[in-house]
Amino acid sequence: MELNKNALAYSATTLAATMMNSIFTFYYVKIFLNVYKKRRLAILYGAPLFAVSFLTPWFPWTWLGLTGDWVVGLHLMTSLCLYDGMFTFVLLAQCALFAEISTQQEERQTTLKYAQVASIIGSTALLVSTNVYQNEQNNFKSFQAVCIIVAFLSWLLMRYTGMNVEVAVDASASGSGGNQDGKTSKESLPLFTLLKQILTQRSFVCFVAMNFFQVFHVTFCSNFFLIFAEHLIGPGVIPAVLYSLLTGSVFLVPRLLVLLTSPLLAKFGSYKVILWSFYVKLSLPVVVFLAGRSNIWALYFFLIIDNSLPDATFSLFNLSVSDIIDADMEKYQRNAPVSSMIFGTNALFTKPAQSLAPMMVVHILSWYGYKDTQGNSKVSSGSPGQLLDAMFFLLCIIPLIIAMVQIVVWAFYPLKRPKKAQDISKILL
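The opening residue of the sequence shown carries number 4 in the numbering used here; numbering runs sequentially from there.
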């Protein structure tokens with residue numbers, strides 16, 4: 004098979020971001036508790052700052068002579084804001100690149116497969132760091148060294164993207180400046196008019212509504228997967244090897260699912276594959292709920308699938324957004340796609356779901372006494388049954404409700420058929 008250099012260059016940033024983000028999201032809480040136009044240039048120049056922002060949590064500010072809880076709190080807030088800002092900046096540019104490096108569905112699906120392979124490779128960084136980070140007091144310097152190496156490699160990979168990726172449609176072709184990225188065939192549009200054009204498209208509204216619940220579900224899974232696994236299953240109930248596979252599956256299985264569904268994507272298009280994933284998400288909680296909390300193996304496989312399927316489906320959304328960008332460009336006869344505006348506006352509306360999910364679930368769990376169990380390997384003696392029932396109920400009801408809403412919303416999405424078979428004039432509203 005001939006190597007696709009353009010897809011390889013695009014996937015280099017996926018590899019870099021996965022390495023850093025897997026370690027960052029997995030460890031930053033534990034560390035603090037225990038011790039636009041040129042997308043290519045945006046990645047190229049944002050890469051060093053992104054790599055530096057990844058390093059900020061792992062080096063305490065005590066060497067500055069500052070002490071106290073307020074210093075730790077300020078350090079945490081600074082680290083989160085800096086990393087989240089650079090992550091959004093670089094990855095938004097990469098998402099926009101996805102729609103611009105090619106207008107062909109086959110090329111986009113090839114790029115998606117390369118990106119998933121890069122994610123699988125990038126996830127191994129967490130395995131390395133986990134082997135090093137056994138005791139934060141004794142091995143913390145070794146962990147810091149691993150993070151420095153990861154940051155340096157990530158910078159090199161993102162630099163490779165910035166230097167080598169090529170776009171089929173240049174978003175800066177219409178000119179430079181903030182108001183030029185949405186220029187029609189005649190003149191540039193005011194920002195308000197451009198936003199109005201985007202927000203009045205049924206395809207975009209349906210996608211954002213569906214994506215909001217998907218982000219909520221993905222955040223719920225990533226934040227509470229280990230907590231639910233620890234309390235509902237526990238490391239001593241099943242063999243240690245299987246428990247390790249349970250935690251490791253979070254990073255590997257979603258990528259494999261995307262690769263395995265590539266033939267379905269090519270044959271049926273992203274709309275149907277995404278819809279089918281919602282039906283699977285709808286049916287599995289019902290089966291597990293009927294099996295009951297005491298059925299450990301049903302819980303075991305459900306935790307793997309429920310954490311992997313939303314993440315895998317989320318990886319397909321770039322295909323849908325790219326279709327929206329293409330349709331928008333054709334409807335309004337733009338000289339250049341408004342990729343960053345569409346991706347950015349989507350992020351604006353879906354970002355609150357990342358905060359809403361942990362706030363809502365933590366509030367419910369605290370109501371049943373979860374705050375009294377922190378620091379213990381088992382639930383407290385107050386009301387362990389009620390807490391475990393609450394966890395099991397949340398584990399089943401959240402994906403069930405989300406799936407029902409997504410199926411209804413996705414039914415109104417107009418870009419249903421694969422791009423080659425679609426008549427754009429009939430579906431643009």
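Each residue gets a CB set at the ideal place from its N, CA and C atoms; glycine is no exception. Given the structure is predicted, the values throughout are model-derived calculations rather than measurements.
On the three-state DSSP scale, how would you describe residue 337? In the three-state DSSP reduction, residue 337 falls in the strand class (E or B).
Do the CB positions of residue 364 and residue 311 come within less than 7 angstroms of each other? Not in contact: residue 364 and residue 311 (Cβ atoms no closer than 7 angstroms).
Assign residue 276 to buried or exposed, taking buried as 16 or more other Cβ atoms, counted over all protein chains shown, within 10 Å of its Cβ. By the neighbour-count rule (16 or more Cβ atoms within 10 Å), residue 276 is buried.
Could you round the C-beta distance between residue 107 and residue 318 to whole angstroms and report it? I think they count as a contact, below 8 angstroms. Distance from residue 107 to residue 318 at the Cβ level is roughly 19 angstroms; contact not present, criterion being Cβ atoms closer than 8 angstroms.
Hey, how far is the Cα of residue 248 from the Cα of residue 232? Between residue 248 and residue 232, the C-alpha separation is close to 12 angstroms.
Suppose you measure from the CA of residue 166 to the CA of residue 236; what does that come to, to the nearest Å? Approximately 47 angstroms, taken between the alpha carbons.
Mind checking which residues open and close the alpha helix (DSSP H) that includes residue 266? Annotation: the continuous alpha helix (DSSP H) that includes residue 266 extends over 265-271.
Mark residue 295 as exposed unless 16 or more other C-beta atoms lie within 10 angstroms of its C-beta, in which case mark it buried. Taking all protein chains shown into account, residue 295 has fewer than 16 neighbouring C-beta atoms within 10 Å of its C-beta and is therefore exposed.
What is the residue span of the alpha helix (DSSP H) that residue 347 lies within? In the DSSP annotation of this structure, the continuous segment of the alpha helix (DSSP H) that includes residue 347 starts and ends at 342-353.
Rounded to the nearest angstrom, how far is the Cβ of residue 410 from that of residue 285, given a contact under 8 angstroms? Contact holds; Cβ gap of about 7 angstroms.
Within its chain, find whatever has a CB closer than 8 angstroms to the CB of residue 56; leave out the 5 residues flanking it on each side and keep chain order. Closer than 8 angstroms at the Cβ level, and outside the excluded window around residue 56, lie 82, 85, 86, 88, 89 and 90.
To the nearest angstrom, how far is the alpha carbon of residue 16 from that of residue 293? Approximately 43 angstroms, taken between the alpha carbons.
In whole angstroms, give me the CA-to-CA distance for residue 417 and residue 214. Straight-line Cα distance between these residues: approximately 15 angstroms.
When the Cα atoms are used, what is the spatial distance from residue 112 to residue 229? Straight-line spacing of the CA atoms in residue 112 and residue 229 works out to 32 angstroms.
In angstroms with no decimal places, state the Cα-to-Cα distance between residue 131 and residue 251. Rounded to the nearest angstrom, the gap between the Cα atoms of residue 131 and residue 251 is 12 angstroms.
Can you list the alpha helix (DSSP H) stretches of 4 or more residues lying completely in the stretch 54-109, in chain order? The DSSP assignment places complete alpha helix (DSSP H) segments of no fewer than 4 residues inside the stretch 54-109 at 72-103, in order along the chain.
Taking residue 217 as part of the alpha helix (DSSP H), name the residues at either end of that continuous run. From DSSP, the alpha helix (DSSP H) with residue 217 extends over 205-231.
Beta-carbon proximity of residue 49 to residue 92, cut-off 7 angstroms: Yes, the pair counts as a contact, with Cβ atoms nearer than the cut-off.
Just to confirm, are residue 3 and residue 128 a CB contact at a threshold of 7 angstroms? An answer regarding residue 3 cannot be provided, because it is not within the stretch 4 to 432 covered by the chain.
Less than 8 angstroms between the CB atoms is what I'm expecting for residue 327 and residue 207, so what's the real figure, rounded? The distance from the Cβ of residue 327 to that of residue 207 is about 6 angstroms, consistent with a contact at the 8 angstroms cut-off.
Tell me whether residue 391 sits in a helix, a strand or coil according to DSSP, three-state version. DSSP, reduced to helix, strand and coil, places residue 391 within a helical segment of the structure shown.
Using only alpha-carbon positions, find the residue among 242, 299, 278 and 395 that is nearest to residue 415. The residue with the shortest Cα to Cα distance from residue 415 is 278.
Are the beta-carbon atoms of residue 360 and residue 222 separated by less than 7 angstroms? Yes, the pair counts as a contact, with Cβ atoms nearer than the cut-off.
Keeping to the same chain, check which residues put their C-beta closer than 6 angstroms to that of residue 274; ignore five residues upstream and five downstream. Around residue 274: 419.
Quick check: what's the CA-CA separation for residue 373 versus residue 390? Distance between the alpha carbons of residue 373 and residue 390: 7 angstroms.
So the alpha helix (DSSP H) residue 168 belongs to, where does it begin and stop? Segment: none, residue 168 is in no alpha helix (DSSP H) and carries neither H nor E.
Would you mind working out which of 280, 197, 320 and 308 sits nearest residue 334, comparing C-alpha positions? Its Cα nearest to that of residue 334, the residue 197 stands out among 280, 197, 320 and 308.
Counting C-beta neighbours from all protein chains within 10 Å, is the total for residue 269 16 or more, i.e. buried, or is it exposed? Residue 269 is exposed by the Cβ-count criterion.
Are residue 349 and residue 211 touching if we call contact CB-CB under 7 angstroms? Contact: yes.
If you count every other CB in all the chains shown that lies within 10 Å of the CB of residue 62, and 16 or more means buried, which is it? Answer is exposed; the Cβ neighbour count stays below 16.
Go through its chain and collect everything with a Cβ distance to residue 216's Cβ below 6 angstroms, but skip five positions before and after it. Within the same chain, and ignoring the five residues on either side of residue 216 in sequence, the residues whose Cβ sits closer than 6 angstroms to its Cβ are 405, 408 and 409.
Taking buried to mean at least 16 other C-beta atoms within 10 Å of its own C-beta, is residue 152 buried or exposed? Sixteen is the threshold: since fewer than 16 other Cβ atoms of the shown chains lie within 10 Å of the Cβ of residue 152, the residue is exposed.
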